[in-house]
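The sequence shown runs 1 to 288 under UniProt numbering. Below you'll find the structure, written out as structure tokens, and then a few comments.
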Amino acid sequence: MGLLTLTKVSKAFGNQQVLKGLDLDVPQGAIYGFVGENGAGKTTTMRLILGLEPLDSGTITFTGQPVKFGHTQGIGYLPDVPAYYGDLSAREYLTLCGRLTQTAHLHERVGEMLHLVGLPDTRRRVHGFSRGMKQRLGIASALLDRPAMLLCDEPTSALDPAGRREFLALLASVHNETTILLSTHILSDVERICDYVGILHAGKLQMQGPLQALLAAHTQPATRFTFSNEAQAQAAATLLGGAATASQVTVTTDAQAALRQLLAQHLMPTAFNPIKASLEQLFMEVIA
């Protein structure tokens, strides 16, 4: 059993059945990517874990103890759009949070967290922070009381590419502080920092496990052949049964066998490159 375990969890809102017997297991120390389409039920799952919604059926355990509606301890939470008192500085905001949670050695802990997330300890007001800085402050507040787990709900959805890269690097750097459950529909974010993944679709977790092991077991190696013109690429796609895009063809058959077939038909590629198995390929196969 992992640090966090959901067993046959179901949840409906009126006639809409969002979760239908969800099983999920997050190992201690993992960065777990919880992925699914928009509206798949990721946020609902997060709210159930936090005790903010009652279960219809099933069980949730955290550190071996059942999670009850209205009462969860030891879990930090970063929503997609954190809300702040904008007229406070970062230190003042974290101090307020720490007083509410009765954080020990608060002054020193606030300084530690500001340093950890790379925010200056100045009197600059939060309302003047960039979106990325606000997300950094959100991580600092979520980790202030040393939770055993950090839940991040679509934290990069409104960040630009540079901001996403910086945020993910920060999230990976705080991995020693806590286990992380990262909910997102941005698959490249998961590939960048997560070691475990679970794919939510149709109200159930369709697949979960170590990311690299899942990719190795459930995806086929692919090769991209490049030709000098689009006509050759189309002919190669017809021959090999692959997908042609402009002057390139992608196939999942053995590369050497495919090359022999091409040469036998006098189709000479100008280049061919192996394509690394991707979470997107796995995701599309699971939800098809």
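Using N, Cα and C, we set each Cβ at its ideal position, and we do this for glycine too.
Cβ distance (whole Å) where residue i is taken to contact residue j below 8 Å
i	j	result
residue 233	residue 247	5 Å
residue 200	residue 34	7 Å
residue 131	residue 90	Between residue 90 and residue 131 the Cβ distance is about 15 Å, and since that is not below 8 Å, they are no contact.
residue 49	residue 4	7 Å
residue 36	residue 18	With 8 Å as the limit, residue 36 and residue 18 do not qualify as a contact, their Cβ atoms being about 11 Å apart.
residue 228	residue 178	Contact doesn't hold; Cβ gap of about 53 Å is too wide.
residue 288	residue 272	That belief does not hold up - the Cβ atoms of residue 288 and residue 272 are roughly 27 Å apart, past 8 Å.
Beta-carbon gap between residue i and residue j smaller than 7 Å
i	j	result
residue 219	residue 143	no
residue 180	residue 224	no
residue 236	residue 262	yes
residue 189	residue 156	yes
residue 11	residue 56	yes
residue 259	residue 251	no
residue 214	residue 192	no
residue 72	residue 51	yes
residue 280	residue 187	yes
residue 140	residue 117	yes
Bridge partner(s) assigned by DSSP for residue i
i	result
residue 125	89
residue 117	Partner(s): none; residue 117 has no beta bridge.
residue 201	204
residue 151	77 and 181
residue 60	6
residue 273	224
residue 31	180
residue 196	32 and 210
residue 250	224 and 243
residue 13	16
residue 134	Paired residues: none, contrary to the question.
residue 26	4
residue 66	61
residue 71	68
Whole-angstrom distance between residue j and residue i, CA atom to CA atom
i	j	result
residue 174	residue 268	50 Å
residue 202	residue 217	22 Å
residue 82	residue 2	28 Å
residue 101	residue 249	57 Å
residue 31	residue 194	5 Å
residue 137	residue 79	12 Å
residue 47	residue 53	6 Å
residue 38	residue 184	9 Å
residue 226	residue 204	39 Å
residue 253	residue 170	39 Å
residue 24	residue 221	28 Å
residue 115	residue 197	29 Å
residue 28	residue 244	43 Å
residue 120	residue 45	34 Å
residue 294	residue 6	Residue coverage of the chain in this structure runs from 1 to 288, which leaves residue 294 outside it and unanswerable.
residue 133	residue 176	21 Å
residue 166	residue 160	10 Å
residue 124	residue 104	25 Å
residue 135	residue 284	30 Å
residue 278	residue 128	38 Å
residue 20	residue 286	17 Å
residue 206	residue 43	17 Å
residue 231	residue 164	39 Å
Contact between the region 49-62 and the region 210-229 (3+ Cβ pairs under 8 Å):
Not touching, per the Cβ criterion.
Can you confirm whether the region 103-115 touches the region 144-160 when touching is taken to mean that 3 or more C-beta pairs between the two stretches lie within less than 8 Å?
yes
Hey, is the region 85-96 in contact with the region 148-156, meaning 3+ C-beta pairs nearer than 8 Å?
no
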